[in-house]
Amino acid sequence: MDSLPVQLVLLVLWLGSGAYGAHLLIQKGYKVGWIRFLAFYIAPLVAIVYLILNQLQPLNSPWPSNAPGVAANVLLVSVMILISPAILLTAYFVPSLKVNDLILLAQRRDDFARARGWLILVGLLIVSIILPLIALSLFKAAPRYDSVLSVLINGLLTGALFSLIALGYTLVYGIVELINFAHGDVFMFGSLTGFAVISFILNVKPGKSLNTNTSVVLVILSIIAALILAMLVCGTLNYLINRIAYKRLRNAPRLAPLISAIGVSFILQNIAIYLNSSTPKGYPLLFPAQGGQRNLDVVIDVFHNEESLFSFPFTAFLVVAGAGGLLLGLRYLINSTRTGKAMRAVAQNREAAALMGISIERTISFAFILGGALAGAAGVIYGVYQVQSTVRYDLGFSNGLFAFTAAVLGGIGNVNGAVLGGMFIGLVYSLSQSSFFGLSAEYLALSGWAPVAVFGILVLVMIFRPTGILGDNVQEKV
Amino acid sequence: MAEIKTQRVVGSVTPRPIRPAGKASSERNKFLIIAVLAVFFLALPFILRPLLAIFGPTTFSVTQSSINTTLIFILLAIGLNIVVGYAGLLDLGYAAFFAIGAYTMAFLTASQSPLYNTPFHTNFWVALPISFAVAALFGILLGAPTLGLRGDYLAIVTLGFGEIVPITFNNLNTVTGGDSGLAGMSQPSLFGFQFTASTLEAWYIVTLLVVFFSIFMIRRLVDSRIGRAWMAMREDEIAASAMGINLVKTKLLAFSLGASFAGFAGAIFANSLGSANPSSFQFDVSVLVLSMIILGGMGNIWGVIAGAVALAMSDRYIIPFLTEQVRKVAEGIPLDTTLVNGIRTTEPNLIKEILTNIGGNSRLLVFGIVLVVMMLWKPEGLFPSGRRKMELHAGAPDDPQPFISGSSDPLDKADSTRSLNYNPSVTEETRDTDRDRKDSKE
Amino acid sequence: MNDNLLEAKEISKTFGGIVAVQKVDFTIPRQSIISLIGPNGAGKTTFFNLVTGIYTPTTGHITFDGQPMGELKPHEVTNRGIARTFQNIRLFSNMTALENVLVGEHLRLSTGLIGAVLRTSKVKAEERNARQKALDLLEYVGLGGKGDEFAKNLPYGDQRRLEIARALGTEPKLLLLDEPTAGMNPNESASLTRLVDRLRRERGLTVLLIEHDMKVVMEVSDRVTVLNFGRKIAEGLPAEIRANAEVIEAYLGKEYAKTVAEEKGKN
Chain A
5 MDSLPVQLVL LVLWLGSGAY GAHLLIQKGY KVGWIRFLAF YIAPLVAIVY
55 LILNQLQPLN SPWPSNAPGV AANVLLVSVM ILISPAILLT AYFVPSLKVN
105 DLILLAQRRD DFARARGWLI LVGLLIVSII LPLIALSLFK AAPRYDSVLS
155 VLINGLLTGA LFSLIALGYT LVYGIVELIN FAHGDVFMFG SLTGFAVISF
205 ILNVKPGKSL NTNTSVVLVI LSIIAALILA MLVCGTLNYL INRIAYKRLR
255 NAPRLAPLIS AIGVSFILQN IAIYLNSSTP KGYPLLFPAQ GGQRNLDVVI
305 DVFHNEESLF SFPFTAFLVV AGAGGLLLGL RYLINSTRTG KAMRAVAQNR
355 EAAALMGISI ERTISFAFIL GGALAGAAGV IYGVYQVQST VRYDLGFSNG
405 LFAFTAAVLG GIGNVNGAVL GGMFIGLVYS LSQSSFFGLS AEYLALSGWA
455 PVAVFGILVL VMIFRPTGIL GDNVQEKV
Chain B
253 MAEIKTQRVV GSVTPRPIRP AGKASSERNK FLIIAVLAVF FLALPFILRP
303 LLAIFGPTTF SVTQSSINTT LIFILLAIGL NIVVGYAGLL DLGYAAFFAI
353 GAYTMAFLTA SQSPLYNTPF HTNFWVALPI SFAVAALFGI LLGAPTLGLR
403 GDYLAIVTLG FGEIVPITFN NLNTVTGGDS GLAGMSQPSL FGFQFTASTL
453 EAWYIVTLLV VFFSIFMIRR LVDSRIGRAW MAMREDEIAA SAMGINLVKT
503 KLLAFSLGAS FAGFAGAIFA NSLGSANPSS FQFDVSVLVL SMIILGGMGN
553 IWGVIAGAVA LAMSDRYIIP FLTEQVRKVA EGIPLDTTLV NGIRTTEPNL
603 IKEILTNIGG NSRLLVFGIV LVVMMLWKPE GLFPSGRRKM ELHAGAPDDP
653 QPFISGSSDP LDKADSTRSL NYNPSVTEET RDTDRDRKDS KE
Chain C
-13 MNDNLLEAKE ISKTFGGIVA VQKVDFTIPR QSIISLIGPN GAGKTTFFNL
37 VTGIYTPTTG HITFDGQPMG ELKPHEVTNR GIARTFQNIR LFSNMTALEN
87 VLVGEHLRLS TGLIGAVLRT SKVKAEERNA RQKALDLLEY VGLGGKGDEF
137 AKNLPYGDQR RLEIARALGT EPKLLLLDEP TAGMNPNESA SLTRLVDRLR
187 RERGLTVLLI EHDMKVVMEV SDRVTVLNFG RKIAEGLPAE IRANAEVIEA
237 YLGKEYAKTV AEEKGKN
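Protein chains in written order, with my numbering: chain A, 5 to 482; chain B, 253 to 694; chain C, -13 to 253.
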């Protein structure tokens, strides 16, 4: 690529001005005047046009050369062309509003306003997904659509798991302002419990594969049983942690419970070693291949091209169903039940809530139980989804930190923020493990840059916007 | 240990009196005790060698190497104590600076280092101060962006750094040798005496001298204008800055000084082993060092040293001894075997398995219990400084507790997300909108 | 040299839509005691925070000792010679009284890292002088002999005095006292009033006082400025302020002000 320097300059211009625009948008809620608008968005416009032209060049090389493949490529490029006015439009409309206002707008009863709010939010989301992709294409030949798709889907699914864990951090932080450092380890216990339950029901010995004549119904039943038991175990575990390690420290300086939490985390890890030994164990492949075709997997074979065979594993549906169901349930619980109202009240003002007759300690306990249950469910889903992945005592450490990053990114204490942040971190995680950056297979085998990317985000968010994306949105705070 | 006790009585239980001029004799006594102890510790390996030779040929080297490790941990604990104990900034990524010191040493002296055939390749004595300086520099670099953050957020960001640094060392395998690290360091020689990985006494003395110097330095610093500034900052940042203390400078000084101790420790550690690899600098090292200062008592250097000795030694002796016993018990449990269809299979025995696991690894449990138990029952540590004791027991009257939100003082509210206007990234206008809601009462 | 130690020209401070201080002109002559009064939420503390660099004015500028203040950070403001106390006491409660004052002197000492470690004779001398000065200051505010008490163990009135001593440690030209007699009994506030007066007479300090206790204000001030809703509504000698209808209205409401005016008319 001989035009790389030019592209890089443009990219920097584009991202820089975009970032400035985002800064204006998020931090100030400024109405950006025409001159500013031109100054900040003309440069990106030029950059986009250039990039699109550049995109058209390698049309044939990395793509399937059959007609549908070319069509797909053209489609992608035209989407990119369509996206650029979308960027400009959102850039124009959005700066007059704060993101928080947008969310409020999206939640208003007025249909028109709601539609507009969602439209802009979705636009922003698309822009934020497409932007890195285009940026990536600079560094390597355009990635194949199916690999992009699988990375994105995998990112969102992982993100859903992170969201479930992040909710535990956020629920607890919203109410007691405590970073429950042991939360990741509760998740790990959920995964262990699930492993034990599934292995027991399906009678699979560790390291062995599933009996071929096991019925699918039994497998699904075992997953459900594992979910329920893991939620019970982890809810109880988190409740006990709160009772033993944090309750006495309610009025201590805030570092005391944090240090105590680190201690609990270490204790839990060691207990996991006792129960499960320090060698990793993998969940059995629950929907094994049968005769070439994977059982129950959905194969998207769009282009009748062997290379473009993109399979959508059945377990992904489980993630969507499980995580989605839990998130909706949580939403209902927080918004519409007595306990949920009590939680919101305590989160907003402890003393006032206590004066209104809400039992503070009971609400705190409930938040811990709820967070623990969600983490337990996440643990089981993680094990089932990431089959090849291994369940070990230190599973919770890095995953817990990723989820914590998600919670902080979304605005700790904010339920919607945790979900949003989880999705974002999932995407980042999955992207940084993809080959898009032109990293060699050797590097990817280490799979070590994903934590660097995520922790980098954590550090940046903490430094520049410790309240997170939705952090100031008091209304949804729990 | 005797030293520790006398210091505790003299130093910290009662508020320090203004030292009148006429106490020369007690000063002289103190100096004498310190001198005797110093000589004793310096001579220790030479006393130990013949003593331990009685118990077996390897007893001495095992003991001495764990004593050396303990000294390294003492150095780390002293350094972290500056940041956490004196300046009140919880740093969970302290192992990162340990790693930076070790890798700086490795880059400059190892034969596998990319700098090997360049003029930058040098010997231990030159590399040691450079490691110190590089770690201090990184202390500033990593500390600077976190200046505006409140306690628990700061902890998490430093934790992030602490994860990023070893991962980066691990991943940049063309430069750092990946997970096998850099080996083949040229080890120092002094007056014709060649250090090697087996000259444990020599390493002991070098490390001990650094520890002595560190103790001396810290004690003087704490009892000076700088130590008072750290303490004031820990107590109340806003009041401290209103009294003319430059928070940025004071915090960065604490960070870089703390980091430089870790750099020293890392450099000596790496060179004495002859190699540096990323697995020695994981999160559990940060937590181990934190447990040491919490066990001993934050802010009190003798307590911290005692904590370091206790935990490093128990990590080396007591825990292995106990787990060994459990393992023996586990081994003694017979396994049931059954004969099914002519194939002999062993029934898994859960208790035996768990006991084996307990015998295998129980370090984390011990550190975890130390942290939790200390926080719940004795947050000031076993050898507290009088000051910290009062601070850590809940309910200081004017301490703005996180939960109390009804205060009308705008300064308290500024506390709630970040500490004052010391974040260079926040411009004036954005700060205004941030404060918009907070100050609507004003 | 200007006669005014501090001049604030048309300073305003807005927080989003809320105007906390609006176009306030304010001058403090050298060696005077000026009181700033006003009902709760009038913008007094915001004004303090503007002067001490915790906030930067939205518009207008402040000149101190002939030099513009610009956007100084709190410790730089202190370095220029402005020291303050806090409305709700912010002592370093786990340090002794003496150490609190020594922290105040931090800025005027020069021992650096290396000096502190080597402890040269110069450093020793500096430390000795600093301690002596701190003891003198404690003595001056009436805390003689209490230097070794932890700040949090001192009685409330003494804590207020200690805050003043600590502020004096920074060698200020202008001392800002934020409600120094809040929560004190009449005896204590009378003696604190005397202390404030002595600060000016004996040490040549200029004092800006936020105070609710009118007895203190009237007794000690050279001039009184009244803020209400961020605006300056009156300025003048204590006696003038006492009689100012607008001030009475601000404090006591329109109805009462009317009654007072009527009563005056009758008399």
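The beta carbon of each residue, even a glycine, is placed where N, CA and C say it ideally should be.
Asked	Found
For Val233 of chain C, write down the residues that DSSP places opposite it in a beta bridge.	BP columns for Val233 of chain C are empty, so no partner.
List the residues of chain C that Ala491 of chain B touches, going by C-beta distances under 8 Å, in chain order.	Phe72, Arg76, Leu77 and Phe78
Identify the contact partners of Asn274 of chain A in chain B, using a Cβ-Cβ distance below 8 Å as the criterion.	Asn613, Ser614, Arg615, Leu616, Leu617 and Gly620
Let me see if you follow: with CB-CB separation under 8 Å, is Pro397 of chain B close to chain A or not?	yes
Identify, in the order they occur along the chain, each residue of the same chain with its Cβ nearer than 6 Å to the Cβ of Ile20 of chain C, setting aside the five sequence neighbours on each side.	Ile14, Leu194 and Arg209
Could you check where the beta strand (DSSP E) with Val336 of chain B kicks off and where it finishes?	Per DSSP, Val336 of chain B belongs to no beta strand (DSSP E) and is neither H nor E.
Apart from the five residues on each side of it in sequence, which residues of its chain come closer than 7 Å, Cβ to Cβ, to Ser402 of chain A?	Pro455
Does the beta carbon of Glu197 of chain C come closer than 8 Å to any beta carbon on chain B?	no
With a 10 Å radius around its C-beta and 16 neighbouring C-beta atoms as the bar for buried, classify Asp122 of chain C as buried or exposed.	exposed
Once DSSP output is grouped into helix, strand and coil, what is the label at Pro288 of chain A?	coil
To the nearest angstrom, how far is it from the Cα of Leu161 of chain A to the Cα of Val155 of chain A?	10 Å
So does the stretch 65 to 73 of chain C actually touch the stretch 159 to 170 of chain C, counting three or more Cβ pairs closer than 8 Å?	yes
Can a CB atom of chain A be found closer than 8 Å to the CB of Glu415 of chain B?	yes
Out of curiosity, what's the CA-to-CA distance linking Asp237 of chain A and Ala256 of chain A?	Here residue 237 of chain A turns out to be Val, not Asp, going by the sequence shown. Looking at the two C-alpha atoms, the distance is approximately 29 Å.
State yes or no: is the C-beta of Ala381 of chain A within less than 8 Å of the C-beta of Gly328 of chain A?	no
Measuring straight from C-alpha to C-alpha, what distance separates Ala410 of chain A and Thr608 of chain B?	37 Å
Please state whether the Cβ-Cβ distance between Gly345 of chain B and Phe516 of chain B is less than 8 Å.	no
Does any residue of chain A bring its CB to less than 8 Å from the CB of Tyr338 of chain B?	no
Is Phe312 of chain B buried or exposed, if buried means 16 or more other CB atoms sit within 10 Å of its CB?	buried
Just checking my contact of Phe619 of chain B with Ser543 of chain B at CB under 8 Å: how many whole Å lie between their CB atoms?	5 Å
Along chain A, which residues have their Cβ under 8 Å away from the Cβ of Asp488 of chain B?	Simply none; closest approach about 13 Å.
Which residues in the same chain have their Cβ closer than 7 Å to the Cβ of Ala220 of chain C, if we skip the five residues on either side of it in sequence?	Val212, Ile227, Asn230, Glu232 and Val233
Given a threshold of 16 other Cβ atoms within 10 Å of its Cβ, counted over all protein chains shown, does Glu(-7) of chain C qualify as buried or as exposed?	buried
Counting contacts by CB-CB distance shorter than 8 Å, is Met55 of chain C in contact with chain E?	Absent from the structure: chain E. Protein chains present are A, B and C.
At least one CB of chain C closer than 8 Å to the CB of Arg472 of chain B: is that the case?	yes
Could you confirm whether any beta carbon from chain A is found closer than 8 Å to the beta carbon of Gly403 of chain B?	yes
Comparing C-alpha positions only, which one of C:Lys110, C:Ala168 and C:His61 sits nearest to Asn498 of chain B?	C:His61
Give the DSSP-derived three-state secondary structure of Ile364 of chain A in the structure shown.	helix
Along the alpha helix (DSSP H) that carries Phe321 of chain A, what are the first and last residues, could you check?	Phe318 to Ser340
When you compare each of A:Phe191, A:Lys209, A:Leu259 and A:Leu332 to Met626 of chain B by their alpha carbons, which one comes out closest?	A:Leu259
Going by beta carbon distance, what residues of the same chain come within less than 8 Å of Leu196 of chain A, once the five residues before and after it are set aside?	Ala276, Leu279, Asn280, Gly383 and Val395
Based on DSSP bridge pairs, tell me the residues matched to Ile255 of chain C.	Here chain C comprises residues numbered -13 to 253, so residue 255 of chain C is not present and cannot be evaluated.
Rounded to a whole number of angstroms, what is the C-alpha to C-alpha distance between Gly333 of chain A and Val324 of chain A?	14 Å
Measure the CB-CB distance between Gln439 of chain B and Gly308 of chain B and report whether it falls below 8 Å.	no
Who are the neighbours of Ala481 of chain B on chain C, taking C-beta pairs under 9 Å?	Val89 and His92
Quick one: grab the DSSP three-state call for Asn(-10) of chain C.	strand
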